[in-house]
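Here the protein sequences come in this chain order: A and B.
Note that my numbering numbers the first sequence so that position 304 is 304, with each residue one more than the last.
Add 1000 to the 1-based position in the second sequence for my numbering, that's all there is to it.
Inspection log for the structure reproduced underneath, given as structure tokens.
Number of protein chains: 2
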Amino acid sequence: MFKVTVIGSGLIGSSWAIAFANAGYDVHIYDRDDTSFANSERYIRQELASLNTSANADEVIQRIKYTASLAEALNGAGYVQESIFETLEAKQEIFSAMDSLVDDDVILASSSSSIPCSAFSEALSHRAQCLIAHPVNPPHLIPLVEMVPAPWTDPNVTEKATALMDDIGQTPVVVSKEIEGFILNRLQGALLNEAWWLYQEGYASVDVIDKCISDGLSHRWAFMGPFQTISHNAPGGLVDYAERFRGFNFGIAQSRSNPTKWDLNAAKNAAAEVDALEKGMGLKDAVAWRNDMLRSFKQWKSNGSES
Amino acid sequence: MFKVTVIGSGLIGSSWAIAFANAGYDVHIYDRDDTSFANSERYIRQELASLNTSANADEVIQRIKYTASLAEALNGAGYVQESIFETLEAKQEIFSAMDSLVDDDVILASSSSSIPCSAFSEALSHRAQCLIAHPVNPPHLIPLVEMVPAPWTDPNVTEKATALMDDIGQTPVVVSKEIEGFILNRLQGALLNEAWWLYQEGYASVDVIDKCISDGLSHRWAFMGPFQTISHNAPGGLVDYAERFRGFNFGIAQSRSNPTKWDLNAAKNAAAEVDALEKGMGLKDAVAWRNDMLRSFKQWKSNGSES
């Protein structure tokens, strides 16, 4: 087993470290200064203690090391998962720094959630070794990873990175060609835009909109995606559904053909409504509750349809 | 307990009958001819046998009667759940027929999934008693119901209908004002449009798009809605998220500001991909599998976060 390097010791990087170390890989976490290492280690210890695995949490945590030296972090690595702040400049800077330090064998994957790989890898010597491996936050509890190669990514690199994701228990999907936001965040974004506008325009409260997903649409999406879902919702299946409802859905799209940016005053009001729903528990407790729920849901998924 | 009348003996009407009868209500199912009654009864018996309740399936089914006489169906009813074919003409016709037969006390609710109540109730003598109670298919397994009053709906009618939904174990939400598609189908429609275009344009297969929901976004949406979800995805909460990502989401909206109708050739290809995913099991078996999964998911939801 090769060493895995995680670039960035924030929540996404720390969660990736859990996923890799839990599957048996030695993990080296890099950050440019060591001020965040204590927080990262605390989060990792807490999450490992909560995971329902037979692995001993102490044994797993011993596979995780920290360093503020990029050269040390990359030395001997077979796979790198970059998980730093999401701006084009930050991605360009770190990939350029890595490019000057690595050999021809390592895979350089980015957790970028919307910036395509070609935007920061074109000029690199090792650009054929670069691709996107976009997780869902937090990756140690949510399996899906979008693998998005650039036009110049070596297909063997995509294949190996995908196999690694399978090996650590994630669910990798390979996106056919680059687009800003890839698939997952474009789907979420389209739904968020409609949710935001309906809220801003006074059609429903945050609670009503959120329940339409959590007590409505999610019941089917918990085990099948949107195409499979609609194929059951017309007597003649998916083509029949398209014939019946494409007019309605075209109408929705047309009604939003002159889009506006989310209003930040609406954001303040919506934030107050979310706080009320969460009874003011604060972000840290809310994330701990979310992770408990994600663990429980993952357990349900792994049990399949037994009720 | 008053009698509940279900108008329409198709899948939605039959599912509503299960939800009402299971909660102890006597249910009268009307359809204009009796040819579909046998299918409806077969579906209801099969679903009742699968439900994890202490109620005896035979006892529940004895509360359900069928009739092809609208007058008989409405006689003595306290609540009507119309669930017929979704066209404006069909809704106008049945509501007009009911209007001439009912007194001032009954509630006339429509399962309409997108047509607002004002479109077919304006001219009725009993229009103050009409509203939308839009379920998610199938309502006996998915709790959410959108309550959407017309401008002239008596607020007491909305309140009583909402209380009835609570009483039978559904999760009613009241939409503040009418809009085509209400909340749930506009959210689903916005996501479906983006999914459809990404598929048509060759960015990803049906399987990849579906997994982005079922193995990705659904893990959080299974227990919280989109607003609560994003409030955990930026260090400063929802306002911080809006500041960071509204530009990205505005970009998605702008890229779709010249929408096209779903291509029916793409629908044929997508249908073939769904068939392959389902190993050609066919709609009837697929729906039976879906209902098993929905029952199991509902069980998980009722257990809360215990894992």
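For each residue, glycine too, the CB sits at the ideal point set by N, CA and C.
All values reported here derive from a predicted model rather than from experimental measurement.
Residue i to residue j span [Cα, whole Å]
i          : j          : result
Trp-262/A  : Val-4/A    : 39 Å
Ser-1009/B : Ile-1142/B : 19 Å
Ala-119/A  : Lys-177/A  : 13 Å
Phe-250/A  : Arg-256/A  : 10 Å
Ala-1019/B : Glu-1041/B : 14 Å
Ser-1050/B : Phe-227/A  : 26 Å
Val-239/A  : Asn-233/A  : 11 Å
Asp-34/A   : Ala-71/A   : 15 Å
Thr-1087/B : His-126/A  : 58 Å
Ala-1123/B : Trp-1152/B : 11 Å
Ala-1109/B : Val-1148/B : 9 Å
Asp-331/A  : Val-60/A   : Because chain A here runs from 1 to 307, residue 331/A falls outside it and cannot be looked at.
Ala-1023/B : Lys-1091/B : 27 Å
Tyr-79/A   : Trp-1196/B : 34 Å
Tyr-25/A   : Lys-301/A  : 25 Å
Asp-210/A  : Glu-201/A  : 16 Å
Met-1098/B : Gln-1254/B : 45 Å
Lys-1284/B : Ala-57/A   : 46 Å
Ala-163/A  : Pro-155/A  : 12 Å
Ile-1168/B : Ala-1161/B : 11 Å
Asn-39/A   : Gln-62/A   : 16 Å
Glu-1306/B : Ala-1276/B : Annotation note: pLDDT 48 at Glu-1306/B (below 50); position unreliable, coordinate value reported separately. The alpha-carbon atoms of Glu-1306/B and Ala-1276/B are separated by roughly 35 Å.
Asn-347/A  : Thr-1260/B : Since the first residue of chain A shown is 1 and the last is 307, residue 347/A is not available in this structure.
Pair within 9 Å by beta-carbon distance, residue i and residue j
i          : j          : result
Asp-1104/B : Ala-1068/B : no
Leu-1192/B : Val-1136/B : no
Pro-116/A  : Glu-180/A  : yes
Leu-1144/B : Gln-1170/B : yes
Ala-1267/B : Glu-243/A  : yes
Ser-100/A  : Ala-1222/B : no
Ala-270/A  : Glu-278/A  : no
Leu-264/A  : Arg-1246/B : yes
Residues near residue i in its chain [Cβ-Cβ closer than 8 Å; skip 5 each side]
i          : result
Met-281/A  : Trp-289
Val-1252/B : The residue you asked about is not Val; residue 1252/B is Ile in the sequence shown. So the list reads Glu-1194, once near-sequence residues are dropped.
Tyr-1241/B : Ile-1230, Ser-1231, Asn-1233, Ala-1234
Ile-1012/B : Ser-1083, Ser-1111, Pro-1135, Asn-1137, Pro-1138, Pro-1139
Asn-1291/B : Glu-1047, Ser-1050, Pro-1138, Leu-1141
Residues near residue i by beta carbon distance below 7 Å, same chain, minus five either side
i          : result
Leu-294/A  : Leu-141, Ile-142
Ala-1017/B : Val-1006, Val-1027, Ile-1029, Ile-1044, Ile-1064
Lys-298/A  : Leu-141
Residue-chain proximity (residue i, chain A), Cβ-Cβ < 9 Å
i          : result
Cys-1212/B : yes
Gln-1228/B : yes
Glu-1146/B : yes
Lys-1298/B : yes
Glu-1306/B : Any reading at Glu-1306/B needs caution, since the residue's pLDDT is 48, under 50, leaving its predicted position unreliable; the model's value is listed next. True, the Cβ-Cβ gap to chain A drops below 9 Å.
Lys-1279/B : no
Val-1106/B : no
Ser-1015/B : no
Asp-1207/B : yes
Ile-1200/B : Here residue 1200/B turns out to be Gln, not Ile, going by the sequence shown. So no, Gln-1200/B is outside the interface.
Ile-1142/B : yes
Beta carbon proximity, residue i to chain B, threshold 9 Å
i         : result
Ala-222/A : yes
Met-320/A : The structure shown does not extend to residue 320/A, since chain A is modelled only from 1 to 307, so the question has no answer here.
Glu-159/A : no
Leu-164/A : no
Gln-81/A  : no
Tyr-43/A  : no
Ala-23/A  : no
Pro-149/A : no
Gly-237/A : yes
Asn-249/A : yes
Trp-152/A : no
Gly-225/A : yes
Lys-91/A  : no
Residues of its chain near residue i, where Cβ-Cβ distance is below 6 Å and the 5 sequence neighbours each way are ignored
i          : result
Ile-229/A  : Inspection of the sequence shows that residue 229/A is occupied by Thr rather than by Ile. For Thr-229/A, where only same-chain residues beyond five positions count, the Cβ hits under 6 Å are Arg-220.
Gly-1237/B : Ser-1231
Ala-1077/B : Lys-1003, Thr-1005, Val-1106
Whole-number beta carbon distance between residue j and residue i, since they are thought to touch under 8 Å
i          : j          : result
Ser-15/A   : Ser-1218/B : Contact flag wrong, Cβ pair sits at about 18 Å.
Cys-212/A  : Val-1174/B : About 12 Å; that fails the 8 Å criterion.
Glu-1194/B : Leu-48/A   : About 36 Å separates the two Cβ atoms, so there is no contact after all.
Ile-84/A   : Ile-94/A   : 6 Å
Val-208/A  : Val-274/A  : Between Val-274/A and Val-208/A the Cβ distance is about 13 Å, and since that is not below 8 Å, they are no contact.
Ala-128/A  : Val-157/A  : 7 Å
Phe-248/A  : Ser-1114/B : 6 Å
Ala-1133/B : Gln-1081/B : 7 Å
Leu-198/A  : Ala-204/A  : 6 Å
Proximal residues of chain D, C-beta to C-beta of residue i below 7 Å
i          : result
Thr-1171/B : No chain D appears in the structure shown, which is made up of the protein chains A and B.
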